[in-house]
Structures are given as C-alpha cells and as structure tokens.
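So the structure is just underneath, and the comments pick up after that.
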Amino acid sequence: MNGDWIDEAEAFEAAETRPLSARAAAARPTPYLDGLNEEQRAAVETLEGPVLVLAGAGTGKTRALTTRIAHLIATGRARPNEVLAVTFTNKAAREMRHRVGGLVGAVVEGMPWLGTFHSLSVKILRRHAELVGLKSNFTILDTDDQIRLMRQIVQAERIDEKRWPPRMLASLIDGWKNRALTPERVPSSEASAYAHRGTELYAAYQERLRTLNACDFGDLLLHVVGIFQNHPDVLDRYQSWFRYILVDEYQDTNVAQYLWLRLLAGRHRNICCVGDDDQSIYGWRGAEVENILRFEKDFPGAKVIRLERNYRSTPHILAAASGVIAANESRLGKTLWTDVAKGEKLRLIGHWDGEEEARWIGEEIEAFTRGTRGAEPVPADAIAILVRATHQMRAFEDRFLTIGLPYRVIGGPRFYERQEIRDAMAYFRVAVSPDDGLAFERIVNVPKRGLGDKAVQEINRVARENGISLLEAARALAAERGLSARACGQLGALVADFDRWHALAREGEDHVGLAEAILEESGYTQMWQAEKSPDAAGRLENLKELVKGLGEFENLQGFLEHVSLVMDNEQDEGARKVSIMTLHAAKGLEFPCVFLPGWEDGLFPSQRAMDESGLKGLEEERRLAYVGITRARRFCTISFAANRRVYNQWQSALPSRFIDELPAAHVEVLTPPGLYGGGYGAASPAPMSTLADRAAEADVYDSPGWKRMRARAESRPVSQPREARDMVIDATAVPAFAAGDRVFHQKFGYGVVRRVEGDKLAIDFEKAGSKNIVARFVVAADDIPF
DNA sequence: GTCTGCGAGGTTTTT
DNA sequence: CCTCGCAGAC
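Counting in UniProt numbering, the first sequence runs from 1 upward without gaps.
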C-alpha cells in the first residue's frame with residue numbers, strides 16, 4: 001500500500017463504465033469444487049443474498065472462503081476488483097490472497113480489495129480524507145502515540161494524571177470508537193459516570209488529531225463509516241462497486257466494523273460472513289458476539305450454512321471440546337463430528353507447582369520428539385504450549401533453556417513496537433513530513449541533546465501560540481535564542497539536520513542510504529553503540545533489519561505506512577522448534593500435539609475476566625478453553641498446578657472449573673510424578689536425569705507415611721472429571737479428610753481442615769493463613785513421611 | 001537536565 | 001520479584 005491508491009482510484013473510475021464483459025464468459029469448468037463436502041459446497045455456491053457460514057473449528061472454513069472467491073471470479077459474476085474480502089489480520093489476508101491465487105491463477109493480482117478492515121479503510125479514507133477534515137497523507141498513530149497525545153491533553157487541561165491516567169482515557173476513547181460513538185453520540189450517562197469530562201476530552205483529542213493530520217486505529221474505521229453516513233453519493237459508488245462481500249472471523253467484528261459492512265452491503269446485499277460464535281475471544285476488545293448471533297435479523301432472508309465436519313482432530317479431542325463449550329448458554333450451537341480413527345484420549349495431570357509442570361512438559365516433549373510416546377516421533381514444530389497469560393511463559397523458557405530444548409515464543413512485542421524501531425521511525429517520519437509533531441517530540445531529545453521537559457514545553461508553547469508545527473517553532477526558538485545558548489545550538493543543529501534530510505527525501509534520494517545516513521548523523525546508532533546494556537546489540541541488529549526492510553519499498557512514505565499497519569514479525573518459520581504462545585495468538589492455528597498448562601481457577605478462567613464481566617467474561621474464557629483444545633490434531637494434554645509463584649509469592653489454586661466440564665469418557669487422568677513415587681514409570685518413560693533424581697530420593701518414598709498416602713490417593717484420584725451434565729458429586733471423590741483434621745502441606749506447613757467440598761479442602765494454616773487446597777496435596781499430620 | 005530511590009502495580013492485544 | 005513512573009536530590 002505504497003501510494004498506489006491514486007492509480008487504483010483511476011482504475012475504479014474507468015472500470016465502472018466498462019461493460020462487464022467478463023461476466024459473459026461464464027460456465028467454465030470448476031475443478032476447484034472437487035473434494036468439497038456438501039456444506040462447503042453450499043457455502044461456495046450460494047452466491048446471491050446474505051449468507052452466514054457457521055464454521056466450527058477445523059471444518060475447512062478458509063478453504064470454503066477462498067474457493068468462494070475463486071468461484072465468483074471464475075464464473076464471471078464479478079471481476080476481481082469488485083469483490084470485497086475482509087479479514088482481521090494481515091496474516092489472514094496474505095494467506096487468503098495466496099490461496100485464491102493458487103485456485104484461479106494470477107488474476108488475483110487484480111484483487112485490490114482483499115485486506116484487513118484497517119488497511120481497506122485506509123485505502124478508502126485516503127481518497128476522501130478532506131471530507132473529514134484531513135489531508136490524504138494523514139499519518140496513522142499507534143497505541144503509544146495515542147497515549148502520549150492523551151497525556152498532552154490531560155496536562156493541558158490540568159487534570160490529575162493519577163486519577164485519570166492518560167492510558168485509561170485512551171482506552172476509554174478506544175472503546176467508544178469500537179462502538180462507533182463520536183463525541184456527540186456518547187451517552188451522557190457514560191460520559192460523566194465513567195470519566196470526569198470524558199466526552200469533552202474525547203472531543204479535544206479528536207481536535208488535536210485533526211490538527212496533526214493524524215488518525216488512530218479506531219478512526220480509520222470510524223471516519224469511513226462517517227463518510228458513508230454523511231455522503232450518500234460516496235457510499236453509493238462503493239455500494240455499487242462491491243458486488244460481493246466476504247468477511248472472515250465475523251464473530252470478532254465490533255460495532256464500527258458491523259456498520260462499515262452493513263453500509264457497504266446495502267445495495268447488492270451479497271454478503272457472506274464466516275465465523276464461529278464459539279471462538280469469539282476478543283469481547284474485551286470490543287468485539288460483539290451479538291453481531292453473529294443476530295445475523296439473520298440484520299440481513300433478512302439470510303441463508304445459514306453450518307460446517308460441522310471436522311477435518312482436524314480426533315473424536316476424543318472433539319468430544320472434550322464440545323463438552324466444555326456446551327456449558328455456555330449464549331451460542332448458536334453446532335455439533336462437530338469426524339470420521340477419523342478414535343486416537344488417544346486427552347490427558348489430564350495435576351502438578352505440585354508451576355516449575356514441576358514445566359519440567360514434566362519438557363520431558364513429555366522430549367518423549368514425543370524421540371518417538372517414545374505415540375507410534376512415531378513428533379517433530380518439535382508440531383508441538384505447541386498454549387498459555388492463558390504471557391507470564392506463564394517464563395517457567396517454560398527457563399526450563400527449556402536448561403534442558404536445551406529449542407523453542408520459540410510467538411507474539412510478544414511486535415517488531416515495530418520496539419523502542420529503537422519506533423525511534424528510528426520517528427526520525428523518518430519527521431524527515432518525510434516535517435509537520436509530524438508527535439514524531440518530532442519523541443526524538444527531539446533522543447539521543448540526549450540537553451533538550452528536556454522545559455525545552456519541549458517551550459517549543460510546544462511557541463507552536464501553539466503561532467499556529468505552526470513543532471519543527472518550525474523549534475527553528476524560531478533556536479534563531480531567536482529563546483532558550484539557553486546550549487539548547488539553542490543543539491536545537492538549531494537538529495533543525496538543520498531535518499532540513500537537509502527532508503530535502504534529500506524530496507529529491508528522491510535513495511531512501512535506504514538516506515535512512516542509514518539519518519540514523520548515523522543523528523547520533524542514534526552511536527547512542528546504542530555506547531550503551532552497555534545486554535540488549536543494546538540486539539537493538540542495533542533490529543535497526544539493521546529495519547533498514548534492510550526499507551529496500552523492499554519505493555520510498556520512505558510507502559514504508560512508513562506499511563510499518564504502521566501491516567508489518568509483523570515473522571521469524572524463522574522453518575526451524576524445528578516448540579511453539580509457546582497465548583491462547584489468543586493460537587486462534588486459527590493447529591498442531592498435532594498441544595499442551596494446555598495452567599488450568600487453575602483464577603488463572604484460567606482469569607479472575608479479572610470474571611470480576612469485570614461476570615458470566616459473560618466466564619463464557620468468553622470458556623470459549624478460550626474451546627479454542628485451546630480444538631487446536632490439537634492428535635494429542636492434547638491439560639495440566640494444572642496446585643501452587644504457583646506469583647510475583648515471587650506462593651499462591652495455591654484449585655483446578656480450573658473447566659476441568660470439571662471435561663467429559664470423563666474422553667479423558668485419561670495421569671498420576672503426577674514425584675508425589676507418590678513410582679508414578680513416573682506408570683505415566684511415562686522417564687529420561688535418565690529424572691531417574692537419577694528419583695533414586696536419590698528413594699528412601700523418602702519408601703517411608704510408611706508415603707505408602708499410606710499413596711494407597712489413599714489411589715482410591716481417590718486427581719480432581720475427578722465428571723460428565724458435564726452430571727452435577728451430583730461422585731461418591732468416590734469424597735476425600736478421606738473431615739473438618740477438624742490436622743493436616744500438613746509441604747509449602748504451608750500445619751493446619752486444620754475447616755471445610756470439605758468434594759476433593760477440595762478449606763484449610764486454616766498456622767502460618768500461612770486459610771487456603772483452598774486439593775485434598776491430594778496435603779497429608780494427615782501424623783502421616784508426615786519424615 | 002539528569003540521576004537515584006521509593007512506591008505502586010503487575011490478562012489476553014488481530015490493527 | 002521486577003519494572004515503570006514520579007518526586008526529590010544533585
């Protein structure tokens with residue numbers, strides 16, 4: 001998306017008046033339809049009118065979608081540039097383009113309207129920017145810029161930053177934008193109850209954006225919706241142009257996106273939305289599951305097609321996932337099925353603490369890759385560990401580093417969100433558009449030039465009072481000696497540098513060379529070279545990477561847009577490594593072998609989700625569980641730990657309530673290692689190191705106390721999974737403890753059982769206070785094995 | 001204007 | 001425990 005919109009706009013004008021000659025050439029062979037099942041075929045061939053495709057996990061959704069596009073083009077119902085295909089992520093857009101290309105050949109080169117909501121919005125907005133008071137070369141702000149801008153406003157309004165953190169206000173505004181609420185439209189109840197003068201600040205923020213000629217991510221959509229609503233002539237042209245609209249991951253759309261789609265589909269009404277209400281996991285970011293639940297109301301006469309045949313997972317895995325998701329109330333309901341062989345049950349295991357969980361999973365992974373588990377070796381890149389929260393990753397990284405297991409963390413800070421990249425980008429931004437005040441402010445004192453808060457405030461004041469850009473204000477201040485001599489000298493030099501770089505950029509100087517020169521001459525590279533911290537080298541490496549990436553673009557301008565909207569960090573895809581990522585990041589992916597650690601109440605489901613959103617939050621967490629399980633093709637292992645170090649304090653937790661929802665018939669409960677001695681031999685072949693460890697501890701496991709405890713544990717196994725609908729507590733699950741029993745816990749010491757609930761005990765510890773503990777993690781006080 | 005010490009807070013994050 | 005942001009000290 002490097003400034004080519006003008007050409008496309010012209011093509012748009014020209015093409016519109018041409019007859020649809022391609023349409024005459026219908027009735028070509030349709031080899032791409034071969035191999036689709038009946039429902040997929042319906043999803044592909046039901047072309048006219050609104051269609052909702054409810055596609056469960058692993059049911060060939062992307063295939064149906066891409067084939068549908070191919071079909072539209074091949075049958076001549078639409079030219080490639082008359083099809084609007086929308087995704088959420090760049091990755092999904094790329095993949096779709098790639099796969100459609102594979103089906104219909106090079107024609108997709110001419111599919112300019114396949115992209116993310118945001119990138120398509122930019123394309124539209126650049127053409128009509130003046131209608132919302134922007135110039136077509138507006139810049140796009142990311143979250144960081146947004147917050148900094150908000151901070152400026154908060155300061156200008158003399159609002160207490162402690163009570164109204166800019167961060168919070170920015171996310172409040174984000175939320176309003178997600179719901180397509182402009183400042184005037186925010187319900188007064190929210191505006192005042194939530195944030196002191198909320199809408200007022202929102203309006204001020206929008207005003208600032210306009211003067212900066214900038215948009216935040218939310219604006220991209222909202223401005224387009226606004227243009228469509230206020231300029232029927234513009235809307236009319238787009239409506240007529242897009243004969244067919246396709247939307248991926250419809251369950252993740254927010255109100256703004258919904259309006260965007262509904263407006264565009266208003267004429268032809270050929271809109272096909274694909275999604276899965278059970279996989280809606282972005283509610284906290286403004287996604288409205290209701291959009292998919294209401295589809296038939298919004299688009300009367302809609303056809304609903306269900307894809308329920310799963311091509312990914314074994315029956316045990318599907319049944320377990322279905323059992324969990326069945327506990328949700330607000331869902332459209334699907335029944336996934338498959339006819340592949342049964343495969344292995346899910347495995348469930350409880351651990352003493354998070355470290356042991358990581359150790360055990362590490363050993364399991366080695367067993368899988370070596371082929372001692374399952375029939376043949378599973379390559380490391382076929383294995384994934386999916387966690388609820390990023391902080392869970394550390395235990396695995398630590399462990400894998402010590403045993404030398406290659407892994408990669410997916411997600412984490414994006415390339416362009418890193419400090420050094422953002423700084424470099426800010427330099428480029430000012431060089432290209434000297435008016436970019438936010439960028440200028442970011443780097444005016446990076447590296448340190450002795451231009452601190454005071455200087456920056458002064459520049460801002462001059463800029464505001466004279467209605468000029470920050471760079472011009474800086475120029476004036478330096479010339480008029482409006483600051484200390486030292487500051488004036490530095491500022492003058494910086495302004496002169498930018499003048500020079502700007503001139504070079506305009507002259508079309510080789511932009512890669514220019515970028516290098518900017519980083520060099522500004523002293524930015526030098527700054528990191530001088531820095532001794534361990535990550536400085538990595539940062540320099542990233543800068544090199546950035547400059548290298550520039551080479552693929554025609555000019556800096558094009559690159560800047562790419563980075564702000566599209567760039568993501570794809571890394572060594574080829575390498576054989578275990579993946580560690582969040583459940584959110586795993587959506588849309590699949591792995592032969594999946595580990596789901598940390599299934600403890602409070603962590604997963606997350607306490608915060610439940611506190612903030614109640615039942616709705618819990619249901620979203622449950623969908624997350626569903627997403628997690630359905631990533632697995634053949635092996636899925638769920639685990640929990642009784643104790644976890646959180647901020648270096650020991651906390652105990654109960655197994656996740658989702659574990660109780662796993663249908664018992666599809667789950668194999670493993671005996672945890674370490675606890676009862678010998679558990680290992682039964683559960684999995686232990687690597688040498690572990691056997692050695694065990695041997696060293698052998699005498700402990702031989703004590704009478706352990707033997708007694710072990711015998712009791714076997715009659716009352718780990719947190720018994722039950723049938724989801726079986727609400728009665730299984731008699732065998734009743735623990736051997738009673739209220740009043742004196743018990744011992746390895747971490748918390750002695751205590752007295754206060755209450756017994758199934759296999760969970762409420763215990764008052766002498767030192768550690770009261771805790772909820774699973775019965776098998778404590779021993780009767782007289783059974784202590786030493 | 002930059003450095004140090006103290007207190008608060010510490011989910012998920014497509015664009 | 002570790003990181004960030006701020007207030008006060010240089």
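Glycine is no exception: its CB is placed at the ideal position from the N, C-alpha and C atoms.
Output yes or no for whether 7 Å exceeds the beta carbon distance between residue i and residue j.
{"i": "F242", "j": "L264", "result": "yes"}
{"i": "M581", "j": "G411", "result": "yes"}
{"i": "I629", "j": "A321", "result": "yes"}
{"i": "T369", "j": "A380", "result": "yes"}
{"i": "L222", "j": "A256", "result": "yes"}
{"i": "L141", "j": "A214", "result": "yes"}
{"i": "D435", "j": "T139", "result": "no"}
{"i": "E516", "j": "V495", "result": "no"}
{"i": "G350", "j": "F737", "result": "no"}
{"i": "C488", "j": "A478", "result": "yes"}
{"i": "H666", "j": "K342", "result": "no"}
{"i": "residue 788", "j": "L624", "result": "In this structure the chain extends from 1 to 786, so residue 788 is not present and cannot be described."}
{"i": "R633", "j": "E590", "result": "yes"}
{"i": "P50", "j": "I271", "result": "yes"}
{"i": "V378", "j": "C593", "result": "yes"}
Determine the burial state of residue i: buried for a count of at least 16 other Cβ atoms within 10 Å of its Cβ, exposed for fewer.
{"i": "V304", "result": "exposed"}
{"i": "R506", "result": "exposed"}
{"i": "D339", "result": "exposed"}
{"i": "V432", "result": "buried"}
{"i": "S189", "result": "exposed"}
{"i": "T525", "result": "buried"}
{"i": "N466", "result": "exposed"}
{"i": "W650", "result": "exposed"}
{"i": "S240", "result": "exposed"}
{"i": "K544", "result": "exposed"}
{"i": "R457", "result": "The amino acid at residue 457 is misidentified as Arg; the sequence shows Gln. Classification of Q457: exposed, given that the 10 Å Cβ count is below 16."}
{"i": "R644", "result": "buried"}
{"i": "V646", "result": "exposed"}
{"i": "D233", "result": "exposed"}
{"i": "S484", "result": "exposed"}
For residue i, which residues does DSSP report across the bridge?
{"i": "Y244", "result": "V83"}
{"i": "I349", "result": "S639"}
{"i": "Q649", "result": "V646"}
{"i": "K303", "result": "V51"}
{"i": "Y202", "result": "Looking at the DSSP assignment, Y202 forms no beta bridge with any residue, so it has no partner."}
{"i": "R742", "result": "V752"}
How many Å lie between residue i and residue j at the Cα?
{"i": "G56", "j": "I325", "result": "12 Å"}
{"i": "D499", "j": "V132", "result": "30 Å"}
{"i": "G115", "j": "P447", "result": "37 Å"}
{"i": "L470", "j": "Q206", "result": "19 Å"}
{"i": "A775", "j": "W260", "result": "54 Å"}
{"i": "F658", "j": "V627", "result": "13 Å"}
{"i": "L181", "j": "V225", "result": "11 Å"}
{"i": "residue 806", "j": "R418", "result": "There is no way to answer for residue 806, as the model of the chain reaches only from 1 to 786."}
{"i": "E355", "j": "A575", "result": "26 Å"}
{"i": "F117", "j": "R464", "result": "35 Å"}
{"i": "D702", "j": "F396", "result": "For D702, the predicted structure reports a pLDDT of 34, less than 50, and the residue's modelled location is therefore unreliable. The matter cannot be settled from this model."}
{"i": "D353", "j": "V752", "result": "22 Å"}
{"i": "R742", "j": "G598", "result": "29 Å"}
{"i": "A424", "j": "V44", "result": "46 Å"}
{"i": "Q392", "j": "S656", "result": "15 Å"}
{"i": "S719", "j": "D660", "result": "Reliability of the predicted coordinates at S719 is poor, the pLDDT of 32 falling under 50, and no value is obtained from them."}
{"i": "residue 787", "j": "A473", "result": "No answer is possible for residue 787: the residues shown for the chain start at 1 and end at 786."}
Could you give the first and the last residue of the continuous beta strand (DSSP E) run that contains residue i?
{"i": "A530", "result": "Taken as a continuous stretch (DSSP letters only), A530 belongs to no beta strand (DSSP E), being part of the alpha helix (DSSP H) at Y524 to A530."}
{"i": "S119", "result": "Element bounds for S119: not the beta strand (DSSP E) but the alpha helix (DSSP H), F117 to H128."}
{"i": "P592", "result": "F591 to L596"}
{"i": "M581", "result": "V578 to T582"}
{"i": "R539", "result": "From DSSP, R539 is part of no beta strand (DSSP E) but of the alpha helix (DSSP H) over A536 to L550."}
{"i": "R285", "result": "That residue, R285, is in no beta strand (DSSP E); it is neither H nor E in DSSP."}
{"i": "R408", "result": "Y407 to V409"}
For the alpha helix (DSSP H) that contains residue i, what are its first and last residues?
{"i": "Q152", "result": "T143 to A156"}
{"i": "M425", "result": "Q419 to V432"}
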